[in-house]
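Visitor:
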Amino acid sequence: MGKFSSLKDISIKYRKRGFSYGFISEKTGASKSTLSDWLQKIPYTPNKEMIKRIGMARMKSGVYKHNQMIVSTKRIKIAAKKELGKLNRRDLWLLGIGLYLGEGSKTHNNVRIINSDAGIVKLSVLWFKRICGLKTENFSPVVHIYPNNNLKKTIKYWSKITSIPKDQFQKTQIDIRTNKSTKKRNMLPYGTINLQIRSRGKKKFGRFLHRKIMGWIESATKQITRV
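Taking my numbering, the leading residue of the sequence shown gets 597, the next gets one more, and so forth.
#1: Buried or exposed, going by whether 16 or more other CB atoms sit within 10 Å of the CB of Asn745?
#2: Return the first residue and the last residue of the beta strand (DSSP E) that Val707 is part of.
#3: With respect to the beta strand (DSSP E) encompassing Leu791, which residues constitute its N-terminal and C-terminal limits?
#4: Quick one: using the 10 Å Cβ neighbour count with 16 as the cut-off for buried, is Ile693 buried or exposed?
#5: If you measure between the beta carbons of Arg611 and Ile638, is that distance less than 7 Å?
#6: Taking Cβ to Cβ, would you say Asn705 is nearer than 7 Å to Arg794?
#7: When you compare only the Cα positions, how much space is there between Leu805 and Val707?
#8: Give me, in chain order, the residues of the same chain whose beta-carbon lies closer than 7 Å to that of Trp689; leave out the 5 immediate sequence neighbours on both sides.
#9: How far does the alpha helix (DSSP H) with Ile741 in it extend, from its first residue to its last?
#10: Keeping to the same chain, check which residues put their C-beta closer than 7 Å to that of Gly802; ignore five residues upstream and five downstream.
#11: Indicate the three-state DSSP secondary structure (helix, strand or coil) for Gly700 in the structure shown.
#12: Just checking my contact of Thr750 with Tyr786 at CB under 8 Å: how many whole Å lie between their CB atoms?
#13: Using only the alpha-carbon positions, how far apart do Lys605 and Ser629 sit?
#14: Write down the C-beta distance between Ile620 and Leu603 rounded to the nearest angstrom, noting that I regard them as a contact closer than 8 Å.
#15: Nearest-angstrom Cα distance between Ala676 and Val667?
#16: For Arg613, which residues from the same chain have a beta carbon less than 8 Å from its beta carbon, with the 5 sequence-adjacent residues on both sides left out?
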């Protein structure tokens, strides 16, 4: 396994070569539940080694169940998309409030969201810009990585995800704690990103923005819990 390789990418390669979740889990250290999230969309055609290990009858049953799950998952997602319908600006506003409630800083008047998921990070940037009125210059991101992560590749990755220039990224924080398992380190090939917000001389983007967001959260939670 390459030092800087993504555990997910390696797992995908194994799966496309016809290996089972059990085999991939043994090789990578990723749990079967994690592998299921990563690989559920990949049709499974077992290779000769897997057929020999498990047996043809059991293998056929497993392949059938897996491929049926792919079809079922696709149908459910199509139905869910139709059920949700088209979102508007207010929907984005409320979605962002919920996101900040779960992932944002609620203390010290600091506006920031920390996450490792590219989709969540993209949504956060979009919400900050469209709803809070921030500009790209207001972002001062800090990346947190492990010693085995590739620093240049990581910054390039998050810069692409956020559309924030690489020269705006602050000094990278490297977690050198020895009590972190190799498994967890490999699960985060690009670490986590701290989307810090800077006012850049505009009060409305400093502590005032933090208080406004806290006001949105307080109002929303009170109204919902009152129902």
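C-beta atoms are modelled at their ideal positions from N, C-alpha and C, and glycine is treated no differently.
These numbers were taken from a predicted model, which means no experiment stands behind them.
Guide: Taking the geometry as given:
#1: buried
#2: Element bounds for Val707: n/a, residue is neither H nor E.
#3: 788-792
#4: buried
#5: yes
#6: no
#7: 7 Å
#8: Ile727
#9: It is not in any alpha helix (DSSP H) - Ile741 instead sits in the beta strand (DSSP E) that spans 738-741.
#10: Ser795
#11: strand
#12: 5 Å
#13: The identity of residue 605 in the sequence shown is Asp, whereas the question assumes Lys. Straight-line Cα distance between these residues: approximately 16 Å.
#14: Incorrect: roughly 10 Å between the Cβ atoms, too far for contact.
#15: 14 Å
#16: Asn643
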